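Below is one structure, written out as structure tokens, with a few remarks after it.
Number of protein chains: 2
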Amino acid sequence: MSENKSFDELLLPVRNDIDRIDKELLKLFTERMQCAERVAEIKRKAGIPVLNAAREQVILDRVKKEAGEYGDSAVALYSAIMSISRARQHNMLKSGGVLRDLEQNSPKTLKADPRVICQGAAGAFSHSAALRLFPGQKPIFLPGFRDVFEAVHNGAGDYGVVPVENSDAGSVSEVYDLIMKHRMFIVGAADIPVRHCLCRAKGTGAVKKVLSKHEALVQCSAYLAAHDIETEAYSNTAAAAKFIAETRLEGVGAVCSAQAAEEYGLEVIAADIQNTDNNCTRFIVISREAVLPEDAEKISLCFSLPHTPGSLCHTLERFALLGLNLTKIESRPIPERNFEYDFYLDFTGNVHDVQTLALICALSDEMPRFSFLGNYKES
Amino acid sequence: MSENKSFDELLLPVRNDIDRIDKELLKLFTERMQCAERVAEIKRKAGIPVLNAAREQVILDRVKKEAGEYGDSAVALYSAIMSISRARQHNMLKSGGVLRDLEQNSPKTLKADPRVICQGAAGAFSHSAALRLFPGQKPIFLPGFRDVFEAVHNGAGDYGVVPVENSDAGSVSEVYDLIMKHRMFIVGAADIPVRHCLCRAKGTGAVKKVLSKHEALVQCSAYLAAHDIETEAYSNTAAAAKFIAETRLEGVGAVCSAQAAEEYGLEVIAADIQNTDNNCTRFIVISREAVLPEDAEKISLCFSLPHTPGSLCHTLERFALLGLNLTKIESRPIPERNFEYDFYLDFTGNVHDVQTLALICALSDEMPRFSFLGNYKES
Numbered sequence: 001m002s003e004n005k006s007f008d009e010l011l012l013p014v015r016n017d018i019d020r021i022d023k024e025l026l027k028l029f030t031e032r033m034q035c036a037e038r039v040a041e042i043k044r045k046a047g048i049p050v051l052n053a054a055r056e057q058v059i060l061d062r063v064k065k066e067a068g069e070y071g072d073s074a075v076a077l078y079s080a081i082m083s084i085s086r087a088r089q090h091n092m093l094k095s096g097g098v099l100r101d102l103e104q105n106s107p108k109t110l111k112a113d114p115r116v117i118c119q120g121a122a123g124a125f126s127h128s129a130a131l132r133l134f135p136g137q138k139p140i141f142l143p144g145f146r147d148v149f150e151a152v153h154n155g156a157g158d159y160g161v162v163p164v165e166n167s168d169a170g171s172v173s174e175v176y177d178l179i180m181k182h183r184m185f186i187v188g189a190a191d192i193p194v195r196h197c198l199c200r201a202k203g204t205g206a207v208k209k210v211l212s213k214h215e216a217l218v219q220c221s222a223y224l225a226a227h228d229i230e231t232e233a234y235s236n237t238a239a240a241a242k243f244i245a246e247t248r249l250e251g252v253g254a255v256c257s258a259q260a261a262e263e264y265g266l267e268v269i270a271a272d273i274q275n276t277d278n279n280c281t282r283f284i285v286i287s288r289e290a291v292l293p294e295d296a297e298k299i300s301l302c303f304s305l306p307h308t309p310g311s312l313c314h315t316l317e318r319f320a321l322l323g324l325n326l327t328k329i330e331s332r333p334i335p336e337r338n339f340e341y342d343f344y345l346d347f348t349g350n351v352h353d354v355q356t357l358a359l360i361c362a363l364s365d366e367m368p369r370f371s372f373l374g375n376y377k378e379s
Numbered sequence: 001m002s003e004n005k006s007f008d009e010l011l012l013p014v015r016n017d018i019d020r021i022d023k024e025l026l027k028l029f030t031e032r033m034q035c036a037e038r039v040a041e042i043k044r045k046a047g048i049p050v051l052n053a054a055r056e057q058v059i060l061d062r063v064k065k066e067a068g069e070y071g072d073s074a075v076a077l078y079s080a081i082m083s084i085s086r087a088r089q090h091n092m093l094k095s096g097g098v099l100r101d102l103e104q105n106s107p108k109t110l111k112a113d114p115r116v117i118c119q120g121a122a123g124a125f126s127h128s129a130a131l132r133l134f135p136g137q138k139p140i141f142l143p144g145f146r147d148v149f150e151a152v153h154n155g156a157g158d159y160g161v162v163p164v165e166n167s168d169a170g171s172v173s174e175v176y177d178l179i180m181k182h183r184m185f186i187v188g189a190a191d192i193p194v195r196h197c198l199c200r201a202k203g204t205g206a207v208k209k210v211l212s213k214h215e216a217l218v219q220c221s222a223y224l225a226a227h228d229i230e231t232e233a234y235s236n237t238a239a240a241a242k243f244i245a246e247t248r249l250e251g252v253g254a255v256c257s258a259q260a261a262e263e264y265g266l267e268v269i270a271a272d273i274q275n276t277d278n279n280c281t282r283f284i285v286i287s288r289e290a291v292l293p294e295d296a297e298k299i300s301l302c303f304s305l306p307h308t309p310g311s312l313c314h315t316l317e318r319f320a321l322l323g324l325n326l327t328k329i330e331s332r333p334i335p336e337r338n339f340e341y342d343f344y345l346d347f348t349g350n351v352h353d354v355q356t357l358a359l360i361c362a363l364s365d366e367m368p369r370f371s372f373l374g375n376y377k378e379s
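Protein chains in written order, with UniProt numbering: chain A, 1 to 379; chain B, 1 to 379.
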């Protein structure tokens with residue numbers, strides 16, 4: 001205790017200095033923000049964009065030089081100050097016309113009785129996702145992700161349901177590439193737990209061997225080994241279920257979803273036979289037009305940044321400023337461009353909020369590659 | 001022109017104000033950094049850690065209140081200032097003893113003539129990766145990722161070669177989970193292009209049907225459709241190649257790597273039959289002990305952060321401060337903990353650099369869940 005006391009006593013004069021410095025520093029910062037507003041007003045009248053990278057670099061070079069041994073720290077400080085300042089200027093300028101129109105004019109609810117397109121076959125996990133997202137709708141199944149996107153793009157379907165994460169059905173990359181290629185919007189999302197059943201055709205005997213997608217067999221390896229069941233790879237879980245239902249092979253079963261068992265009239269011998277219970281696949285709903293519900297809670301964005309220290313950080317800072325939480329981030333190098341990255345991000349938030357809209361609009365104005373992918377509810 | 005001129009004229013007085021403010025602000029900031037150093041010195045003598053979250057919150061609350069309508073901006077400013085200040089304090093305190101020992105005492109080169117373990121079978125893409133990473137070594141193949149990690153953990157092998165990204169062989173999540181579970185280090189990495197060949201057993205006739213992993217068949221769909229070749233799913237590409245070599249089925253081929261064709265003595269009918277050329281799988285080398293080469297260029301970290309606005313941003317800021325580039329970032333929700341995330345990050349950098357080591361040590365002291373995964377070269 002006495003040591004702590006003396007520690008506090010030692011610290012007191014420094015803390016008093018810090019408090020005095022902070023008072024003055026804050027006053028100057030506020031004055032600087034007011035200057036930024038004067039600049040914004042002049043820029044607004046002259047129709048000139050907020051970001052002036054050359055002027056910012058001049059300031060960064062100057063503070064680095066002036067701050068001597070604190071040069072790097074001063075650059076970090078001023079990167080933050082200029083990013084905060086730009087955010088205020090954008091707020092005043094109401095930039096980002098296209099996104100403002102989108103926010104004003106997009107429908108606020110999904111279509112009633114939509115035509116829903118899924119990849120794979122009836123009984124696949126995308127089927128369960130479609131039923132969760134669009135209860136009572138009978139989805140149409142197409143073989144590939146490409147087909148789903150083309151059907152929605154051509155208007156053959158209203159919405160597509162596709163996996164984007166941790167799926168055994170396909171790769172995230174391909175789906176994101178297709179979103180960008182077809183300029184689709186994300187209008188919904190659901191996390192579907194991956195649960196496997198051991199099934200057989202009704203009236204056939206004890207299961208000695210099962211067919212399923214290789215990954216599903218791996219996910220159920222403990223159960224299958226314990227019950228001495230042989231395995232054979234099949235293209236996907238639903239197709240394996242269908243094959244078993246049609247051929248009624250004696251002693252051969254399938255590992256598939258409960259949905260697939262129901263779809264093909266199979267008997268479920270054991271449910272939830274996967275090794276672990278925390279395996280989920282995230283599905284999203286894609287749409288040709290944006291749908292922006294009043295109570296949307298998740299914002300998806302894609303943008304690219306130059307491969308320079310701090311570029312991502314200063315962008316994230318602006319979301320943090322508004323209290324918006326990052327819930328997912330993924331980087332992907334852009335194949336044709338060295339040292340440049342695409343970032344896929346999900347934030348909590350709603351674009352009908354004035355400040356959130358201003359931020360998205362500002363980023364869309366500042367960044368050469370920026371895509372607002374959607375604002376939706378989680379199912 | 002005249003409009004531009006008048007714009008510059010209008011802007012001049014504001015810019016002069018900004019320059020004056022910046023001069024004073026920078027002086028105060030430097031004074032504040034000097035105070036931070038005095039605090040660090042007192043803390044060092046008292047053996048007290050750098051981060052004092054309660055004191056930081058008091059300051060944030062105060063500046064928010066004092067800055068009035070600029071409250072949010074002031075909070076952003078001070079979050080940045082405190083993060084910069086903490087970085088300087090850690091630099092002085094030389095915190096993070098365990099990592100400092102690791103940096104001092106780890107070997108700087110990989111073992112000569114190591115026993116290398118791969119998942120899958122000879123001819124799988126992991127085989128190509130192992131040959132690139134350890135030329136001239138004959139890898140040992142084990143069925144699952146779990147087996148590879150256990151073999152390296154138990155000392156049955158020196159190094160393991162496993163995929164971590166965009167692989168058709170397994171999921172990133174599982175490999176990262178195993179790294180954390182076995183507290184493995186990453187000691188190397190290589191990006192291997194995914195290239196498929198159409199092969200048959202020598203002396204068999206025209207290929208009417210091919211066996212391969214489902215994903216490989218999808219990746220070669222254009223070529224196979226154009227040549228009217230039927231497809232059938234198999235557990236993996238190398239196993240399909242082996243099966244074809246052993247059975248010599250008439251008219252049946254395999255889609256596999258050139259490595260697999262060579263391994264099983266198959267004839268390559270067509271090479272590079274995949275739809276696109278930019279599909280890569282990233283492999284890493286896992287090891288029980290850290291290896292920290294003098295010329296290592298990539299640092300891998302895993303840490304968790306509270307799900308609060310800006311937490312990631314302020315961490316990234318500190319890497320940016322040192323000029324370290326982020327080359328990969330991925331977030332994953334922690335299953336048992338709501339609203340908390342694990343982040344997997346790769347940065348350019350070398351831990352033998354004094355400042356970089358200080359940063360890693362500082363983060364390891366500040367964060368309840370922080371893992372230094374390795375510092376290695378890319379092959």
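Just so it is clear, CB atoms sit at the ideal spot from N, CA and C, and this is done for glycine as well. In this text the structure is predicted, and so the values were computed from the model without any measurement.
The three-state secondary structure of B/THR231, taken from DSSP, is strand. DSSP, reduced to helix, strand and coil, places A/LEU266 within a strand of the structure shown. The C-alpha of A/LYS27 is placed about 28 Å away from the C-alpha of A/SER311. DSSP places A/PRO49 outside both helix and strand once states are collapsed to three, so it counts as coil. Here B/ILE273 is near B/LEU198, since their CB atoms are less than 7 Å apart. One Cα belongs to B/ALA216, the other to A/SER212, and the distance between them is close to 17 Å. Within chain B, the C-beta atoms nearer than 8 Å to that of A/VAL14 come from CYS35, ARG38, VAL39, ILE42, in chain order. Counting along the chain, the unbroken alpha helix (DSSP H) around B/TYR78 starts and ends at 71 to 93. The beta carbons of B/GLY253 and B/VAL187 sit no closer together than 7 Å. B/GLY251 sits in coil when the DSSP states are folded into three classes, being neither helix nor strand. Here the C-alpha atom of B/GLU250 lies approximately 15 Å from the C-alpha atom of B/GLU232. Rounded to the nearest angstrom, the gap between the Cα atoms of B/ALA261 and A/CYS313 is 46 Å.
In the assembly as shown, B/THR237 is a buried residue. Its beta-carbon has 16 or more other beta-carbons within 10 Å. When only Cα atoms are considered, B/THR281 and A/GLY71 end up about 40 Å apart. Rounded to the nearest angstrom, the gap between the Cα atoms of A/LYS108 and A/ALA189 is 16 Å. Positions of the beta strand (DSSP E) runs, each at least 3 residues long and wholly inside the UniProt domain "ACT" (300 to 379) of chain B, are given as 326 to 333, 340 to 348, 370 to 376 in order along the chain.
Burial check for A/ALA320: the Cβ neighbour count within 10 Å reaches 16 or more, so the residue is buried. Scanning B/ASP8, B/LEU11, B/LEU10, B/LEU60 for the CA closest to the CA of A/LYS23 turns up B/LEU60.
DSSP lists B/TYR159, B/PHE185 as the beta-bridge partner residues of B/SER287. Inclusion of A/ARG248 and A/SER304 in the CB contact set at 7 Å is not warranted, their separation being larger than that value. DSSP places B/GLN104 in the uninterrupted alpha helix (DSSP H) bounded by 97 to 105. If you ignore the 5 residues before and after B/VAL164, its C-beta comes within less than 6 Å of the C-beta of VAL172, VAL175, ARG282, ILE284, all in its own chain and listed in chain order.
Legend: CB atoms of the stretch 224 to 256 of chain A lying less than 9 Å from CB atoms of chain B belong to residues THR231, GLU232, ALA233, TYR234, SER235, ASN236, ALA239. By a beta-carbon distance limit of 8 Å, B/GLU366 does not contact B/LEU102. Their separation comes to about 18 Å. Going by DSSP, B/ALA129 is part of no beta strand (DSSP E) but of the alpha helix (DSSP H) stretching over 125 to 133. When beta bridges are read from the DSSP output, A/LEU10 appears opposite no residue. A/CYS256 and A/ALA241 do touch by the CB rule: their CB atoms are close to 4 Å apart, below 8 Å. Between A/TYR159 and A/PRO114, the gap from beta carbon to beta carbon is short of 7 Å. Among the bridge pairs identified by DSSP, A/ALA190 is matched with A/PHE283. Separation of the CB atoms of A/ASN375 and A/LYS298 is rounded to 7 Å, and the pair is thereby assigned contact status at 8 Å.
According to DSSP, B/LEU142 shares a beta bridge with B/GLN119. In the three-state scheme derived from DSSP, where H, G and I count as helix and E and B as strand, A/VAL207 is classed as coil. What A/LYS328 touches in chain B, judged by beta-carbon distance under 7 Å, is SER331, going in chain order. The C-beta of B/ALA222 comes no closer than 7 Å to any C-beta of chain A. Within chain B, ASP22, LEU26 have C-beta atoms less than 8 Å from the C-beta of A/VAL63, given in sequence order. Taking C-beta atoms under 8 Å as the contact rule, B/GLN119 and B/GLY157 fail to qualify, at a distance of about 12 Å.
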